[in-house]
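In what follows, a single structure is set out as structure tokens and then discussed.
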Amino acid sequence: RWCAKGLPSDRVSLENGAIVTNSERWCLIIDPQTQGVVWVKQKEAERKLQVTRMGHAKMVQIFETCIDAGRSVLIENMDENIDAVLQPVIARNFIKRGTRRVLKLGDKDINYNANFRLFMQTKLSNPHYQPEIQAECTIINFTVTEQGLEEQLLFLVVKLERPDLARTKSELIQQQNEFKVRLADLEALLLEKLASAEGDILDDTDLILGLEEAKATFVEVKERVQVAQETEAKINVTSEHYRPVASRGSLLFFLMVDLGMMHTFYKYSLDAFVMVVTRAVNGVSLRKPKTRPTIATFLVEGMETEEGGSTRPNTVMGSVSGALHGAESGASGAASEAGDGEAAESDAEFQPDLQERRESVEEEVVELTAKELDARVLVLEDLVTSSVFSYLRRSLLDADKLTVAAMLALRVLQHAGTIQQHELDILIRAPPDPSAPPMPDSTRSWLSETQWAQLKTLEQIAVFKSSGALTQTMEQDSLGWKRWFGEERAEAADLPRGCRELQTFHRLFLLRVLRPDRIGAALGQFVVDNLGTEFVEQPPFNMSQTYEESTCLTPIFFVLFPGVDPTPVVEGLARQLGINEANGRLVNLSMGQGQEQVAIHALNRASKDGGWVMLQNIHLMQAWLKILERTLEVLEEFAHPDFRCILTSEPPSNLQGPMFEMVPEAILQKCIKIADEAPTDLKSNLRRAYAKFAQEDIDSCLKPREFKATLFALCFFHALILGRIKFGPQGWSKKYPFNDGDLSICAKVLCNYLNNSERLGIEVPWPDLRYIFGEIMYGGHITDHWDRRVCNTYLAALVQPDLLQNLTLAPGFKSPDASKMEYVQYQKFIEERFPPEQPQLFGLHPNAEIGFLTNQGISIFKTIQSVSGSDSGAGSLDIVASAPIISRYMEQLPASFDMAEVRARLREEDYTPYVISSLQESDRMILLLQEIRGSLVELELGISGQLNITEGMEQLSDSLQLNRVNPSWERLAYASLKALQAWFADLLQRVRQLVAWTADRSGLLKSIWISGLFNPMAFLTAVMQVTARARKLPLDYMTNRTTFLNIKDPGDIVSLPVDGVHIHGLFMEGASWEEGKGDDEGYIADSKMKELHPRMPVAHVYAIHVDQMTWENMYHCPVFVTAKRGLTFVVQVNVRMDPDDDERRWVLAGAALLMTDD
1 RWCAKGLPSD RVSLENGAIV TNSERWCLII DPQTQGVVWV KQKEAERKLQ
51 VTRMGHAKMV QIFETCIDAG RSVLIENMDE NIDAVLQPVI ARNFIKRGTR
101 RVLKLGDKDI NYNANFRLFM QTKLSNPHYQ PEIQAECTII NFTVTEQGLE
151 EQLLFLVVKL ERPDLARTKS ELIQQQNEFK VRLADLEALL LEKLASAEGD
201 ILDDTDLILG LEEAKATFVE VKERVQVAQE TEAKINVTSE HYRPVASRGS
251 LLFFLMVDLG MMHTFYKYSL DAFVMVVTRA VNGVSLRKPK TRPTIATFLV
301 EGMETEEGGS TRPNTVMGSV SGALHGAESG ASGAASEAGD GEAAESDAEF
351 QPDLQERRES VEEEVVELTA KELDARVLVL EDLVTSSVFS YLRRSLLDAD
401 KLTVAAMLAL RVLQHAGTIQ QHELDILIRA PPDPSAPPMP DSTRSWLSET
451 QWAQLKTLEQ IAVFKSSGAL TQTMEQDSLG WKRWFGEERA EAADLPRGCR
501 ELQTFHRLFL LRVLRPDRIG AALGQFVVDN LGTEFVEQPP FNMSQTYEES
551 TCLTPIFFVL FPGVDPTPVV EGLARQLGIN EANGRLVNLS MGQGQEQVAI
601 HALNRASKDG GWVMLQNIHL MQAWLKILER TLEVLEEFAH PDFRCILTSE
651 PPSNLQGPMF EMVPEAILQK CIKIADEAPT DLKSNLRRAY AKFAQEDIDS
701 CLKPREFKAT LFALCFFHAL ILGRIKFGPQ GWSKKYPFND GDLSICAKVL
751 CNYLNNSERL GIEVPWPDLR YIFGEIMYGG HITDHWDRRV CNTYLAALVQ
801 PDLLQNLTLA PGFKSPDASK MEYVQYQKFI EERFPPEQPQ LFGLHPNAEI
851 GFLTNQGISI FKTIQSVSGS DSGAGSLDIV ASAPIISRYM EQLPASFDMA
901 EVRARLREED YTPYVISSLQ ESDRMILLLQ EIRGSLVELE LGISGQLNIT
951 EGMEQLSDSL QLNRVNPSWE RLAYASLKAL QAWFADLLQR VRQLVAWTAD
1001 RSGLLKSIWI SGLFNPMAFL TAVMQVTARA RKLPLDYMTN RTTFLNIKDP
1051 GDIVSLPVDG VHIHGLFMEG ASWEEGKGDD EGYIADSKMK ELHPRMPVAH
1101 VYAIHVDQMT WENMYHCPVF VTAKRGLTFV VQVNVRMDPD DDERRWVLAG
1151 AALLMTDD
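Rendered as structure tokens:
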């Protein structure tokens, strides 16, 4: 009965149905796919179910009526907030008044009818309700399961491919359900008669006859059930051939669901998914179209004769007339027109034949052999995969497309058994082996200790054991591996002997560990090899195709990006269909204050008349979007087939983050989403920026030559700062929202200033222009001092008088002669003369691209790990598996410092700034060690059963197994991007330095590992304090000066410096260091290929008066703790340059010192 009313037949759904039916408390249904609520509506229809929504104007009135009359109420599509007026109803706070029970609803007392039922439903996939709501309700998760969806898709595919089998099976299921109900009714009737029988049962003739009738019915039903089961078994054999298609479909849908953890816009509904699958299967249907036979068809068939016999046109005409116009019409018309009884008799004989022939045309299916059926299933499987991915890819941001394609390929291969789970875990996490032996000397020149430990982990995979251990092969053929390691395109280069036969998948492991900068290209090739080229090469966006896929029930949702306006595309298609603003069938609204009612009115009108409504920038109306959501749901009931709703919205900003809930989930789920980003390469950015202007803008300026040259440089500057974002923190420390409005306003300012200078007869105010552009317009977005310096440096290089003298804007790209160029010529110049894109155009070294590609590759696997959940080992980790890891870390964890003993050794005069700094560092380390030890012990007790497992314990267990630093440790620790194992080794090294430091009463070591301090700035301030006290100078007028020695190994330092301190542990990013000769200090130099973070030599830091500080031939170099830069800034130091060098090139190169090589 439940299945007949729309409840899916899988086990989870049936169990949920049983809970809903028998629960004493009101049911709160989590139902993202709305399968449960459809069943509830059908099931409760006989109770005169009333459907309402939270906050609806008549909600309270509906409750009053239904509670009193004993009807059912469904609150659908709830969010996480529940109206307080319903709390007494949900909590069943009855008040007894005599024999009556009363519920308090607002200010009214309502008589409670025991037949009243309340159902609540939410589409939210992971809602968070208040504890009292969870305690008072029965929360039932109707979210479709992978197995349940597979069964539903199997029925769908069979229905599309073999409707005869699907219909027969459906009838059998319905028939069996009826049999079961009938048998249950018979059993209940017999029990009732037997229970109510009086006296001798054998004397009760009616009872005996009833028993005989029931027995006969039971035997008959049992025989029919057996026949039905045999028939169903035969149907199931054929249906099972299509299970791979259903299984692939289920895999695809749950991939789509998981993407919601990547970005808030990646929300999809089951209905939309089913439509895509249906469209894909129908696109290659083997069945002939279900067309009714025409008169002409039967005329031709009826006039054909065997062996040249004669035809009977009157007979054929009569039979067709009788079939198409009804029995009465045929008898009175066709027979009388024939004129004799023979014709009428022939018509009667032909009538069943016609009906049979019509049915054969409508239900014609192609029977396939087993081999043909297997081939057909493979075609359908590939087609469903490509169709769903095309639907999915259209809505993805460009940065996520490769990640999603790789996730799909990995899941497909894992589902097929080609990839094992433990292999996938190693690929995604790349954990280093904690017990790895020391790295051999032959590989030290090109391998790091972490990479060596990761390679030892790869030896757990069988393929790397087949021809000897991987590390052993690498040690024996170190030169061959080093040569491969240095290849520009390592993913395509031949591997050294012993690994040349590796498949694409297992090559990924080596690239993941040794060349993460090439993992993006390798993953692309991996997807091509396993899924096809169409999964990495996307065709241009086609609005016509999107329109064909849409219906009046599916809005089209455009994600807005700089330089992309969907309005012309939408209006162009609408114009082809005869829909435009002139005839009132197209309404284009830019949403803002006061447009709410205008939009609702336009939607209501267009849904009735079949018009189009385009609502732009709905992200500006977040409070109103719930009303829009409800309006679209109401319109579904009567929308005209030609009605279309088009929505546009910007994605969440970088400050909000990708998971910021900007648009309601229900709207996103039903929409066809389109993320058509403009190309982001430098040439495209320049082309798009210059296209914002026209010849009229040039003509409006009184100094056209200066305006043309400066406008072109300004557009190039705009393209540079947009393109620089892709290089990560080395480009910009954060993603700033530079936009076309900044460019347009700067162009207007430029025109005004040039016009003013022409009228006043003065020179062009270049410094004023640079200040307005760099500090106000573009600089208004920038919050980081060092990023602002980069912006101003670009402007200083580009916006200057030399623009009129063919200034070199970038290597290989000069400013054209403005006196010979007009707007069209500049456009042509961009297309024909712009050099190929490379990091040097931005002022960056090619290593910056390696860093960018490395971060991209690592980010892909981090995203896969966070999104895939149990598929990547992140959601199904066994807490017991962390026990050996706990033991290992507990063995290595040092004891806490005895600060009482340390302070007891110190005399009052020993408390110098250096000693105080060491004590402060020790205090912070004690807190961290206590937190680590305490949390590990607590987790150990939880595993042994002595403590209850808490959420914090589970989080720590996951962190240990996934090689991540636990958040509770991070809060007390220092900034670091290292994985847990490397982080813990770093911690031990910090502890060893603190032990040696606190043991020395002078408070100084020969060289301090500056990177090992919690607060390095405090130590550097101590240097200034000591000097200021010694020379009796005010601290406010002191500064540190840095000199880099020609000593790489701090162990070579023989004594403390006379003044200041020695420090080590710094790395250079964006440049390298050229060592000096003799006692001469070295200087900053261009980076060496593939050396991203070269280690700096020991530095001598000493304090001087600010008046003594000179910056001649010095680079103002920022020092950051990690490569993320930004908030990890520590201090600015002086770094020597070559006397002929220019500081601007190091600013644009993003040269900086880092305290950790992450």
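Residues 1 to 1158 (full-length UniProt numbering) are what the sequence shown spells out, left to right. Just so you know, even glycine gets a beta-carbon here, dropped at the ideal spot from N, CA and C. Values in this document were obtained by computation on a predicted structure and should not be read as measured data.
With a threshold of 9 Å between beta carbons, is residue i in contact with chain B?
i  : result
P8 : This model lacks chain B altogether; it includes just one protein chain.
What are the residues that DSSP puts in a beta bridge with residue i?
i     : result
T138  : C27
D109  : K104
N1134 : H1116
Y1083 : E1074
Y1102 : R1041
E581  : Answer is none; E581 lacks a bridge partner.
A666  : Answer is none; A666 lacks a bridge partner.
Q50   : V73
V559  : S649
T808  : K814
Measuring CA to CA, which of the options is closest to residue i?
i     : options                    : result
P894  : Q930, L906 and L877        : Q930
Q892  : Q174, E677 and L987        : L987
S653  : A639, H619 and L647        : H619
L714  : T418, L807 and L795        : L795
T561  : P539, S395, S918 and G417  : Before going further, note that residue 561 is Phe rather than Thr in the sequence given. With distances taken between Cα atoms, F561 lies closest to S395.
A1123 : P431, T369, L1154 and W766 : L1154
A188  : L202, L211 and S170        : L211
C552  : N542, N604 and V221        : N604
P846  : D1086, L711, F693 and I949 : D1086
C645  : P801, R585 and L686        : R585
T648  : M662, H640 and G657        : M662
H781  : I762, R1041, L149 and L743 : L743
I1063 : E1075, R1041 and D1080     : R1041
N542  : P568, E1075, L956 and A599 : P568
F693  : K748, Q50 and T138         : K748
I173  : R224, E132 and G260        : R224
L28   : D79, M821, K58 and K5      : D79
Tell me which residue opens and which closes the beta strand (DSSP E) that residue i is part of.
i     : result
W612  : W612 to Q616
K673  : I672 to I674
H1064 : V1061 to H1064
C645  : R644 to S649
M890  : It is not in any beta strand (DSSP E) - M890 instead sits in the alpha helix (DSSP H) that spans A883 to Q892.
F116  : Premise fails: F116 is in no beta strand (DSSP E) and is neither H nor E.
T1021 : Unbroken run through T1021 is the alpha helix (DSSP H), P1016 to R1031; no beta strand (DSSP E).
S700  : Looking at the DSSP string, S700 is not in any beta strand (DSSP E), and its letter there is neither H nor E.
What are the boundary residues of the alpha helix (DSSP H) that includes residue i?
i    : result
R179 : In the sequence as presented, Arg is not what sits at residue 179; that position holds Phe. Element bounds for F179: P163 to S196.
E240 : T205 to E240
H785 : H785 to L798
K96  : Per DSSP, K96 belongs to no alpha helix (DSSP H); it is in the beta strand (DSSP E), F94 to R97.
F712 : P704 to G723
S390 : A370 to R393
Below 8 Å on the Cβ atoms is my contact criterion, and I expect residue i with residue j to pass it. Report the Cβ-Cβ distance as a whole number of Å.
i     : j     : result
N580  : A574  : 6 Å
V1101 : V1061 : 6 Å
S269  : K670  : 6 Å
V158  : S247  : The Cβ separation is near 13 Å, so there is no contact.
R71   : K48   : 5 Å
| said: For a minimum of 4 consecutive residues, which ranges assigned as the alpha helix (DSSP H) are wholly contained in the region 486-530? | reply: 504-514 and 519-530
| query | Where in the region 950-979 do unbroken runs of the alpha helix (DSSP H), each at least 4 residues long, occur, reported from the N-terminal end onward? | reply | 951-961 and 967-972
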